[in-house]
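Written out as structure tokens, the structure is:
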């Protein structure tokens, strides 16, 4: 036993070691380079990193192949991204802006969800609820739901309108939007499992949310105590990260809920302890130095053009159109109902159009579960590029047309 | 092609994902907890982390098994540790204290190397140079060479004697000692490869050192420029890390030199750019949050008691004795020859006795290459514990007996 315990795995590993160091070096260097290039042309950095993956991967140079190791590192990467997103949630902000933002978010999720589902059916024909095909349609819809407000926030901050009523509504709506998006995703993925009936899925989801509310509160109290005793010590971020990994694992293992949901919830649980920002900083270093680039590059590695035909391109364009319009309409109309001026409704609608990481993360999840194939990355990447480039321009136009009186939020 | 490309690896990965998140969580939480406990009882934190591995691993609880993933993460961990060590090298310090430190270091490496080799032969009988057995003996010797001066430095700093002549000599000697230790290791490992004759090994080693001198200087100039243009930007640590991974890979792949040597050299190359400390900080966060704990826990996971018998225990005790005495004698005598007072020779000898990470790293390397088996970890861990606990006590005694006139280093 000792013999083959000692020799085999390490001999194997020693071989592996080369490959992983080589791949890691190529991946992080190429990702950083392309991210810089992307930012130079005003595109989001992640787009650059994905393109780096396309170039390095089987699609083109074939310098790096998707391996178990790359996939595992990528998985940790997406877990860290979602944990960080949770940590940055501002619960107070949410409570404050309250109902209006909630309404905007809900409709802003519902309309794209329906829009995407319908779009898919328009192309592939009607599918009865419960069928594989219906699930696929629903999934295309859920990809469209999650707003990634980062670029909007940057734009509004630059123009100094972030603290305006419109800005605050967008900000809070985007946060709630994420939460709802995650719940929708959780629900849709739950349907995937054959022996899951809808009721069971709802049951599991509710149970998970209840347990994370109760357990979460206990964890929160304990971490608050630890943080008070040992502020700014390494143990705080390390324990936080441990909790994140455990919740991600538990979510998928015991509730059939996406591990990214678990990580996101872990982040929300810890977002109110005093050292939340400190944890976030440490996690971010791990994320941007190694893991996150691997995640986005891995998406590029997986994207294969072999399935991208004229039909796919047409679909991608339709996908982008629907994704953008449904957000504007959904959020805009709701804002109007909440008595915003038409122009402000447009601002809110446009501000909510941007998509980013989360859309990719959801797509990636669907790919891993075999719900959709990798060719859909094309549509999502196109959506991210177009929205991230157009939204800032649109917002600038709307605000120069009708600047709104900056109101200080107390 | 697309089909099995999409389904198989990700299906596989999805399964894996659970395991890695679970294992990671358990490993980092247990490691941190045990490290804290270890420090409470004045033992070095790494000892705690190793014990965490022993407890979690097949030896006891069997909660975590050594997997390819764990081994890969551990490998990255040791690479980061050695890169960081390189980055923290103070070349100016080295030049300043110069010859005396060099002499102390050389003899301080030679005597333990011989001592360890002889010890092994005393037990297992004489082995002719060139034989497998001789290599094993030589390897036991090289495990004894590397001083890990961290604890000594801490002790001297506390007592305020770090800037004294003795303190400076110890500090510089320890750094040179590392470099020589690495060269010895590189050479010994080179011998491992059957079709390597001694000459070829020396050739390869020299070629590597020459190339890293030339190539290193070029890299250094380029990074200096980049650093001047983009100080304190993420790209600096990321590029640095990329270089580290590439050099580690190249060293082992093309020169048959340990990848850890490559990482260490990469660190030394970058240790003089303005942002060296900045790179080191970022790398350290990655190291202490995830990778380093995995490395030390993995050692515990691999340590199996099944081979530890009374003979092994006797050997471990002899091993510790020889390792400590050879350092004291080697460094002490040399210091005496350099006209230090006897008591100061003792201080220097005692200060150089401490062993740590590097000894483990070398042992681990030998294990991976099948030179020695995992049971030797017992001896090394014992050496680390005993030296790290005894040295501070001995130094305090010596300095209270004969405090030395603090001399300011210009």
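Protein chains in written order, with the numbering used here: chain A, 158 to 567; chain B, 158 to 567. Even for Gly, the Cβ is constructed at its ideal location relative to N, Cα and C.
Neighbourhood of residue i by C-beta, 8 Å cutoff - its chain only, sequence neighbours within 5 removed
i, result
"residue 243 (chain B)", "420, 421, 422, 423, 424, 425, 426, 427, 428"
"residue 566 (chain B)", "In this predicted model, residue 566 (chain B) has a pLDDT of only 41, less than 50, meaning its place in the structure is not dependable enough to derive any value."
"residue 490 (chain A)", "264, 502"
"residue 516 (chain A)", "300, 301, 303, 305, 537, 540, 541"
"residue 196 (chain A)", "202, 205"
"residue 247 (chain A)", "332, 428"
Contact belief for residue i with residue j at Cβ below 8 Å, rounded distance in angstroms
i, j, result
"residue 265 (chain B)", "residue 508 (chain B)", "About 10 Å; that fails the 8 Å criterion."
"residue 443 (chain B)", "residue 446 (chain A)", "5 Å"
"residue 458 (chain A)", "residue 213 (chain A)", "7 Å"
"residue 287 (chain B)", "residue 361 (chain B)", "Between residue 361 (chain B) and residue 287 (chain B) the Cβ distance is about 17 Å, and since that is not below 8 Å, they are no contact."
"residue 305 (chain A)", "residue 513 (chain A)", "3 Å"
"residue 534 (chain B)", "residue 203 (chain B)", "Going by Cβ atoms, the distance from residue 534 (chain B) to residue 203 (chain B) rounds to 12 Å, so no, they are not a contact pair."
"residue 280 (chain B)", "residue 472 (chain B)", "6 Å"
"residue 557 (chain A)", "residue 308 (chain A)", "So it is not a contact: roughly 18 Å between Cβ atoms."
"residue 588 (chain A)", "residue 355 (chain A)", "The structure shown does not extend to residue 588 (chain A), since chain A spans only 158 to 567, so no value can be given for it."
"residue 417 (chain A)", "residue 548 (chain A)", "Between residue 548 (chain A) and residue 417 (chain A) the Cβ distance is about 24 Å, and since that is not below 8 Å, they are no contact."
"residue 601 (chain B)", "residue 450 (chain B)", "The requested residue 601 (chain B) does not occur in the structure, where chain B is confined to residues 158 to 567."
"residue 211 (chain A)", "residue 460 (chain A)", "6 Å"
Whole-angstrom distance between residue j and residue i, CA atom to CA atom
i, j, result
"residue 408 (chain A)", "residue 344 (chain A)", "13 Å"
"residue 290 (chain A)", "residue 297 (chain A)", "11 Å"
"residue 259 (chain B)", "residue 332 (chain B)", "9 Å"
"residue 323 (chain A)", "residue 433 (chain A)", "27 Å"
"residue 546 (chain A)", "residue 200 (chain A)", "6 Å"
"residue 205 (chain A)", "residue 385 (chain A)", "41 Å"
"residue 226 (chain B)", "residue 177 (chain A)", "11 Å"
"residue 317 (chain A)", "residue 561 (chain A)", "10 Å"
"residue 193 (chain A)", "residue 543 (chain A)", "18 Å"
"residue 391 (chain B)", "residue 411 (chain B)", "30 Å"
"residue 216 (chain A)", "residue 188 (chain A)", "16 Å"
"residue 223 (chain A)", "residue 494 (chain B)", "59 Å"
"residue 492 (chain A)", "residue 339 (chain A)", "23 Å"
"residue 456 (chain B)", "residue 283 (chain A)", "57 Å"
"residue 208 (chain A)", "residue 190 (chain A)", "11 Å"
"residue 405 (chain B)", "residue 415 (chain B)", "8 Å"
"residue 363 (chain B)", "residue 469 (chain B)", "37 Å"
"residue 366 (chain A)", "residue 358 (chain A)", "12 Å"
"residue 373 (chain A)", "residue 233 (chain B)", "33 Å"
"residue 380 (chain A)", "residue 249 (chain A)", "19 Å"
"residue 552 (chain A)", "residue 273 (chain A)", "24 Å"
Neighbourhood of residue i by C-beta, 7 Å cutoff - its chain only, sequence neighbours within 5 removed
i, result
"residue 310 (chain B)", "319, 328"
"residue 277 (chain B)", "293, 294, 297"
"residue 475 (chain B)", "276"
"residue 271 (chain B)", "298"
"residue 220 (chain B)", "183, 213"
"residue 269 (chain B)", "298, 301, 302, 480, 483, 484, 487"
"residue 241 (chain A)", "424, 437, 440, 441, 444"
"residue 228 (chain A)", "455"
"residue 257 (chain A)", "326, 495"
"residue 435 (chain B)", "389, 393, 394"
Sequence-distant residues of its chain with Cβ nearer than 6 Å to residue i (five each side left out)
i, result
"residue 504 (chain B)", "323, 555"
"residue 160 (chain B)", "Low confidence applies to residue 160 (chain B): its pLDDT is 31, below 50, so where it sits in the model is not reliable enough to give any reading."
"residue 369 (chain A)", "422"
"residue 519 (chain B)", "300, 342"
"residue 559 (chain B)", "500"
"residue 313 (chain A)", "319, 324"
"residue 401 (chain A)", "240, 420, 423"
Minimum Cβ-Cβ distance from residue i to chain E less than 8 Å
i, result
"residue 361 (chain B)", "Any reference to chain E falls outside this structure, whose protein chains are A and B."
Open item on the list: Against chain A, which members of the segment 371-392 of chain B pass a CB distance test of less than 8 Å?
Closed with: Residues of the segment 371-392 of chain B with a Cβ closer than 8 Å to any Cβ of chain A, in chain order: 391, 392.
TODO: For the segment 399-428 of chain B, enumerate the residues whose C-beta is nearer than 7 Å to any C-beta of chain A, in chain order.
DONE: 399, 402, 403, 405, 406, 409, 410, 416
Task: Complete runs of the alpha helix (DSSP H) confined to the segment 172-233 of chain B [at least 4 residues] - done: Fully contained in the segment 172-233 of chain B are the following alpha helix (DSSP H) runs of length 4 or more, in chain order: 202-213.
Open item on the list: To test your reading of the DSSP string, which unbroken alpha helix (DSSP H) runs of 4 or more residues are found completely within the segment 426-463 of chain B?
Closed with: You should have 433-443, 449-459.
Task: Cβ-based contacts, 7 Å cut-off: residues of the segment 434-446 of chain B near chain A - done: Here the close residues are 439, 442, 443, 445, 446.
TODO: Can you give me, in chain order, the residues of the segment 190-212 of chain B that have a beta carbon less than 8 Å from any beta carbon in chain A?
DONE: 193
Open item on the list: Any C-beta of chain B within less than 7 Å: which residues of the segment 304-326 of chain A qualify?
Closed with: none
- [ ] Check distances from the C-beta atoms of the segment 223-236 of chain B to those of chain A and list, in chain order, the residues that come in under 8 Å.
- [x] 223, 225, 226, 228, 229, 232, 233, 236
Open item on the list: Just to confirm the assignment: which complete alpha helix (DSSP H) runs, minimum length 4, are found wholly within the segment 458-544 of chain B?
Closed with: 467-494, 499-508, 514-525
TODO: With a floor of 4 residues, list each alpha helix (DSSP H) that falls wholly inside the segment 392-427 of chain A, ordered by position along the chain.
DONE: 392-412, 416-427
Task: 4-residue-minimum alpha helix (DSSP H) runs that sit fully inside the segment 304-369 of chain B, ordered along the chain - done: 307-316, 322-349
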